[in-house]
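**Q** Chains as they are written, first to last, in full-length UniProt numbering: chain A, 1 to 355; chain B, 1 to 355; chain C, 1 to 355; chain D, 1 to 355.
One structure coming up, written as structure tokens, with questions to follow.
4 protein chains.
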Amino acid sequence: MQPDDTPELRALYEGFEAMHLMPLWTQLGDLMPRHPKPKAVPHVWKWADLLPLAQTSGDLVPVGRGGERRAIGLANPGLGGHAYVSPTLWAAIQYLGPRETAPEHRHAQNAFRFVVEGEGVWTVVNGDPVRMSRGDLLLTPGWHFHGHHNDTDKPMAWIDGLDIPFAQQNDVGFFEFGSDRVTDYATPRFSRGERLWCHPGLRPLSGLRDTVASPIGAYRWEHTDRALTEQLLLEEEGQPATVEQGHAAIRYVNPTTGGDVMSTIRCEFHRLRAGTDTPPRRDVGSTVFQVFDGKGAAVIGGVTHKLDIGDIFVIPSWIPWSLQAETQFDLFRFSDAPIMERLNFMRSHVEMAET
Amino acid sequence: MQPDDTPELRALYEGFEAMHLMPLWTQLGDLMPRHPKPKAVPHVWKWADLLPLAQTSGDLVPVGRGGERRAIGLANPGLGGHAYVSPTLWAAIQYLGPRETAPEHRHAQNAFRFVVEGEGVWTVVNGDPVRMSRGDLLLTPGWHFHGHHNDTDKPMAWIDGLDIPFAQQNDVGFFEFGSDRVTDYATPRFSRGERLWCHPGLRPLSGLRDTVASPIGAYRWEHTDRALTEQLLLEEEGQPATVEQGHAAIRYVNPTTGGDVMSTIRCEFHRLRAGTDTPPRRDVGSTVFQVFDGKGAAVIGGVTHKLDIGDIFVIPSWIPWSLQAETQFDLFRFSDAPIMERLNFMRSHVEMAET
Amino acid sequence: MQPDDTPELRALYEGFEAMHLMPLWTQLGDLMPRHPKPKAVPHVWKWADLLPLAQTSGDLVPVGRGGERRAIGLANPGLGGHAYVSPTLWAAIQYLGPRETAPEHRHAQNAFRFVVEGEGVWTVVNGDPVRMSRGDLLLTPGWHFHGHHNDTDKPMAWIDGLDIPFAQQNDVGFFEFGSDRVTDYATPRFSRGERLWCHPGLRPLSGLRDTVASPIGAYRWEHTDRALTEQLLLEEEGQPATVEQGHAAIRYVNPTTGGDVMSTIRCEFHRLRAGTDTPPRRDVGSTVFQVFDGKGAAVIGGVTHKLDIGDIFVIPSWIPWSLQAETQFDLFRFSDAPIMERLNFMRSHVEMAET
Amino acid sequence: MQPDDTPELRALYEGFEAMHLMPLWTQLGDLMPRHPKPKAVPHVWKWADLLPLAQTSGDLVPVGRGGERRAIGLANPGLGGHAYVSPTLWAAIQYLGPRETAPEHRHAQNAFRFVVEGEGVWTVVNGDPVRMSRGDLLLTPGWHFHGHHNDTDKPMAWIDGLDIPFAQQNDVGFFEFGSDRVTDYATPRFSRGERLWCHPGLRPLSGLRDTVASPIGAYRWEHTDRALTEQLLLEEEGQPATVEQGHAAIRYVNPTTGGDVMSTIRCEFHRLRAGTDTPPRRDVGSTVFQVFDGKGAAVIGGVTHKLDIGDIFVIPSWIPWSLQAETQFDLFRFSDAPIMERLNFMRSHVEMAET
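What follows is the structure in structure tokens.
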């Protein structure tokens, strides 16, 4: 239902252009689609590809002030050459060689690291050295100074997640350099934040003010693993504990509120029993998974992707997806769900099982 | 601090590209600037330019199903040909000819209208006919059906504000067609929402559940004007009432919470006494003003723009700005501040007056 | 199921007494009844009785520093000689003669006044003179200085509501004398709080911090009356607006939150169409009504009480009650519901209509 | 400033009495004191007195349906023969003989148990068997069914804390009998609630809805002890971790909100280094301590009370108090602070150290 192409209309449209105006009626479907039509596409990055490239970077690219981090961003093929895994999220593999230090800085962007393998690096967050080990989730919330150092003779790689694209798109980013070296080279087993906060259901009286981001710097694998194990055991005992049959899951939370660890990023860990297929679902917002253990597949937008340990995949907004566990299947997950929920844009649709 | 350009490095970078990867170290400054560096630029659209183009559109472009609205979007010159007034916000002039109807639809995007001149149109929101008159703010929150009809023999123009760019960028949009005609052609002076909710400090017992968006469909000019008048009178009486000397302002709020009218858009009205200059300030997030009455200027990023009634201007994130009132100066304002605040990205900086 | 009365048992019980101990097993039913068994009883105080006694007090009892107020408390017959209308609430008739002043003081207890007839008194709350007229609700939240003065040659009476019994029982009360005279004898039509806050849906930018109690000092009858009138008109038009058929009601709220006007006291106004009977209901907590206009009855605990203008009645916790409107029937109501809700003790039971 | 005692005044006062009215001016100071003047008094109950009486009760008093619990309430000497430790709180020693069962019931009142010595009893809360061991805090929030059984050949005693006086005074109590025997005689080391919820910073996806009371049924001593130990170690390392020098403390919280475990009762555990004296303070509301370990004293209202393990003491509202640690000194604490805070009555005053 567009107007006839007349000289008058052309003159009108030229007037629009001269005045920095654009009509709605010529572009309504693009601007306001019937449902989300993301430019981002589903994609899988294989750990077997990522790790060698990171290792080669370790050989060729120094880490230090200026470049700041030896991090390699996953660039969604649909997002036109930006290092964005989705419109809101950044995901990267970061690599630190033996005895290397990545200097301290801070930024408004929220960040976390998740360790799929290896150990030996400490991240120093606002002066608190935090050990990084397999299965751990480490937080560096917005405007916290942080740097990393490798205390060993072996390199280490992990993934970083941030809200860089969201911050970039919405012009909210601030950045500041800190110390060229990390401010504390101690290598304690537990960070001060953990020692103060990681006691279930107990809150220090010195920490009664709620915080925007979680005061826990490290969520340890041993706790995550035990929580998931208990859920599956409880399910076997006939107790309500899992999200759905064969599907255990935890959300990492801020103990001062019970809510998400950071304002823009949700972090979760999912465990499927061998043989479990999750029902197909769609959600508003984008999500990224990394396989932590086991073998299985993800069906995303109707396409089945076989998955191995370390593989990372992204599901853009409103694309249907499900998981299939060949063995017990462990996956770390992060998403922009806090943005969607806080702004009341969240919608989800879960398909009923055929019976 | 970039690595040397060697064949090995080139091979590495080619490997990145093949695998849909991009290094952080080559683009850090762009991805994580020291402070927000918006692509959007400050810009003023003159009402004297906008209105004639809207009138010509009224002659040449039909309004109806498909195009949906005779709305002309303000395209920020820095945003590369998108009809976005800022990365988050849409602003448009909409025009409805005598006896015309814009059909009903609904969308996840939040919308409002503000009327700088004219009358005679009713917007029908979820079946409730809402009169649109000079100085009124009218809400159509996300997923509310709405259409408009002009009950008179004169055309009418107004501005629309929405979160279309934010919804587009983050893939949260849903859209549904409704009735081709509005569902109620009645032209009551007050909408049902106003009759139920517009009694100061009184909440209907039938409406005890808090709502995501304000249940008030129309914020009338007479209330806004009176509130601002009282603030300036109280200031004259030596009472605390204004934001700063000579500067009265109200925020339109959701009476069920006292918070913003919608999840993503803040609406305010500001009145300056003649001769008042506001102190320069910067804020994270983008904001749009429309001059409602009086004469004055805006100093944005160091450039002074003279302003007349109806003129619309945008201030991108972290650009310094101030207002200067030649006469009593009335301005409607909307912004994405609820997004920034809910996600904890808000920062503001107000310059101290020189003494 | 009590133990046998043996010498050993008596010795045990004497041991308890000596050590300030008491067994649970001898008193369980009293301490933990099957449902609330209030000592307070339903009771009606007739305005025709109250007003003459208040007037005689005006003749015999001075008002001034020390006694502070010429207020006569309604003493629930079940509460053993305390001036408590219920275990949580205080209700009194207060009387101020021509040109009299009740001196300023402040206390932790929350207070309001409601005016069933008369005019001419201003209450000065934290220095802000607030006119008191028929149908108005006036707030003096905890720790606000307040005094009253009668600007006319006629006496005036009204009711006070406070949380004195709750404060007394739980040892939370503080009290401080202020000025012996009120600090401002001006008699403006509208208080400063109203001028700043009583614009529907509009919040002053100078008042963005939420307050524990409402910043509105006076809820005017004209607004209350209009809100109730509109609800009944909307009901006639077939629109959802009333609580139930023929029953309009508003809650007075804090505009900064949409919640109750004060932390411990809920205030509402109810209007029944002539002929309306409300369904019997029970609620945890106690509530007090004053008839403002019209004729009707209250059925409380199975007993029907005929009611005239000004009559005050109390309904203790979990006692069934309903209202019957002979004419259009207007009632002001206050209760301790915020206490019950904030502490998660609230329960309600509404009987279904017989069909 | 009372009126002259005249025949007219006597007639007026007789009129008041006949009409169930009482003047404010004769009782203002009692009703509205300058600061809280609690009837409750500070008092210490010695464990050496309590335990033998409980043991004798075990010999003489059966436990079963009707009496429900072999619990002996601490009756504040100032509260006139009520088994109330304060106007809001109930504290009791409960005793269960070998192989005994206390039958299941539920009530609106919130309850917890704290174990100062012994083991062998399981409390079954909504069907979930919860082990009770030394140093553990066990919750039975309002309207949860619960019963206890002793699985051993030794008796066990512990303390109960409830909000019985508050519920009684405000008429909010409901009570319902459940199973005469507990519904599950299993004796697992960890309850299902713990297995699901006691993983620091991890929330089960099956438990995303916030709960009024904590879903954790048992807060184990090993966690409490470790948290306090870490606080003191961090303090030694020069890190902020304790409330004040030498004073470590945790609050037991609801992991779904980070707030108090139940709506009316706050539970905390405090540990003082040997030699630590806390600064004198006053708080609105009443609090109860039980010495868990070590030796020390409490100075309450100017009187010093020497304390041994198991001793229980109460501090009424606004009475000054401080603690003195002779050895490392461990104390469990509960209070009505959530009531005071939720209703905005909380005030505290801490005396500055003399220098």
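Each residue gets a CB set at the ideal place from its N, CA and C atoms; glycine is no exception.
Being a predicted model, the structure only gives us computed values, none of them experimental.
Grouping DSSP H, G and I as helix and E and B as strand, with all else coil, what is TYR185(C)?
**A** coil
**Q** Mind pulling the chain A residues with CB within less than 9 Å of ALA249(D)?
**A** PRO204, LEU205 and SER206
**Q** Give the C-beta separation of SER86(A) and SER286(A) to the nearest angstrom, bearing in mind that I take them to be a contact with Cβ-Cβ under 8 Å.
**A** SER86(A) to SER286(A), Cβ: 3 Å. Contact.
**Q** What's the call for TYR13(D), buried or exposed, on a 16-neighbour Cβ count within 10 Å?
**A** Buried, since its Cβ has 16 or more Cβ neighbours within 10 Å.
**Q** Please compile the residues from chain D whose C-beta is within a distance smaller than 9 Å of the C-beta of HIS223(A).
**A** Contacts between HIS223(A) and chain D, judged by CB atoms closer than 9 Å, involve HIS199, PRO200, GLY201 and LEU202 in chain order.
**Q** Runs of 4 residues minimum, wholly inside the segment 181-262 of chain A: which ones carry the alpha helix (DSSP H) assignment?
**A** 192-197 and 221-236
**Q** Does LEU272(A) have its Cβ less than 9 Å from a Cβ in chain D?
**A** At least 9 Å separates the CB of LEU272(A) from every CB of chain D.
**Q** Within a Cβ cutoff of 8 Å, which residues of the same chain sit near VAL303(C), ignoring the five residues on either side of it in sequence?
**A** PRO42
**Q** What is the DSSP secondary structure of ASN170(A), counted as helix, strand or coil?
**A** helix
**Q** Near ALA213(D), which residues of its chain fall below 6 Å by C-beta distance, leaving aside the five closest residues on each side in sequence?
**A** PRO141 and MET262
**Q** What are the boundary residues of the beta strand (DSSP E) that MET340(A) is part of?
**A** Run containing MET340(A): none in the beta strand (DSSP E); it sits in the alpha helix (DSSP H), 337-342.
**Q** Measure from the C-beta of PRO339(B) to each C-beta in chain C and report whether the shortest distance is under 9 Å.
**A** The sequence given here places Ile at residue 339(B); Pro does not occur at that position. So, not an interface residue.
**Q** Which two residues bound the contiguous beta strand (DSSP E) that contains THR287(C)?
**A** 287-293
**Q** What span of residues does the alpha helix (DSSP H) with LEU50(A) cover, start to end?
**A** 47-60
**Q** Could you check which residue in THR327(A), ASP171(A), VAL182(A) and SER179(A) has the C-alpha nearest to that of MET32(B)?
**A** The residue among THR327(A), ASP171(A), VAL182(A) and SER179(A) with its C-alpha nearest the C-alpha of MET32(B) is ASP171(A).
**Q** For GLY78(B), which three-state DSSP category applies?
**A** Residue state, collapsed to three classes: helix.
**Q** Determine, using beta carbons only, whether GLY258(D) comes closer than 9 Å to chain A.
**A** Residue-level contact check: GLY258(D) touches chain A, since one or more beta carbons of chain A fall below 9 Å from its beta carbon.
**Q** Rounded to whole angstroms, what is the Cα-Cα separation between ALA218(A) and HIS148(D)?
**A** 38 Å
**Q** Compute the Euclidean distance between the alpha carbons of GLY275(D) and ALA298(D), then round it to the nearest angstrom.
**A** 13 Å
**Q** Could you check whether LEU233(D) and ARG271(D) sit closer than 9 Å to each other, using their CB atoms as the reference points?
**A** no
**Q** Using 8 Å for Cβ pairs, my map puts ASP293(A) next to ILE309(A). What's the rounded Cβ distance?
**A** 6 Å
**Q** Can you tell me which of THR278(D), PRO279(D) and VAL314(D) puts its alpha carbon nearest to the alpha carbon of GLN290(D)?
**A** For the residues THR278(D), PRO279(D) and VAL314(D), the minimum Cα distance to GLN290(D) belongs to VAL314(D).
**Q** Quick one: list the residues of chain D neighbouring PRO240(A), beta-carbon separation under 8 Å, in chain order.
**A** Scanning chain D for C-beta atoms nearer than 8 Å to the C-beta of PRO240(A) yields SER206, reported in chain order.
**Q** Run down chain A in chain order and give the residues with a C-beta less than 9 Å from the C-beta of PRO255(D).
**A** PRO200, GLY201, VAL253, PRO255 and GLY258
**Q** Within 9 Å of any Cβ in chain C, is that where the Cβ of GLN245(B) sits?
**A** no
**Q** The beta strand (DSSP E) with TYR13(D) in it runs from where to where?
**A** No beta strand (DSSP E) holds TYR13(D); the alpha helix (DSSP H) holding it covers 7-18.
**Q** Compare the beta carbon distance of CYS267(A) and PHE112(A) with 9 Å and say whether it is the shorter of the two.
**A** Yes, Cβ-Cβ distance for CYS267(A) and PHE112(A) is below 9 Å.
**Q** Which residues, in chain order, does the segment 42-66 of chain A contribute to contact with chain B at a C-beta distance below 9 Å?
**A** HIS43, TRP45, LYS46, ASP49, LEU50, PRO52, LEU53, THR56, SER57, ASP59, LEU60, VAL61, PRO62, VAL63, GLY64, ARG65 and GLY66
**Q** Would GLU351(D) be called buried (16 or more neighbouring beta carbons within 10 Å of its own) or exposed?
**A** exposed
**Q** Find the nearest neighbour of SER335(C) within the set VAL116(C), ALA75(C), TRP90(C) and ASP30(C), judged by alpha-carbon distance.
**A** TRP90(C)
**Q** Give me the chain B residues within the contact set of GLN168(A), using Cβ-Cβ distance strictly less than 7 Å, ordered along the chain.
**A** LEU31
**Q** Are VAL115(B) and TRP158(B) close, meaning C-beta to C-beta below 9 Å?
**A** Going by C-beta atoms, VAL115(B) is nearer than 9 Å to TRP158(B).
**Q** Do GLN109(D) and ARG69(D) have their C-beta atoms closer together than 9 Å?
**A** no
**Q** Jot down the residue ranges of each uninterrupted beta strand (DSSP E) in the segment 114-182 of chain C, minimum 3 residues, whole runs only, in chain order.
**A** 119-125, 128-133, 137-140, 146-150, 156-162 and 175-177
**Q** Against chain D, with Cβ distances strictly below 9 Å, would MET22(C) count as a contact?
**A** So yes, MET22(C) belongs to the interface.
**Q** For GLN27(D), which residues in chain C fall below 8 Å Cβ to Cβ?
**A** In chain order: ALA83.
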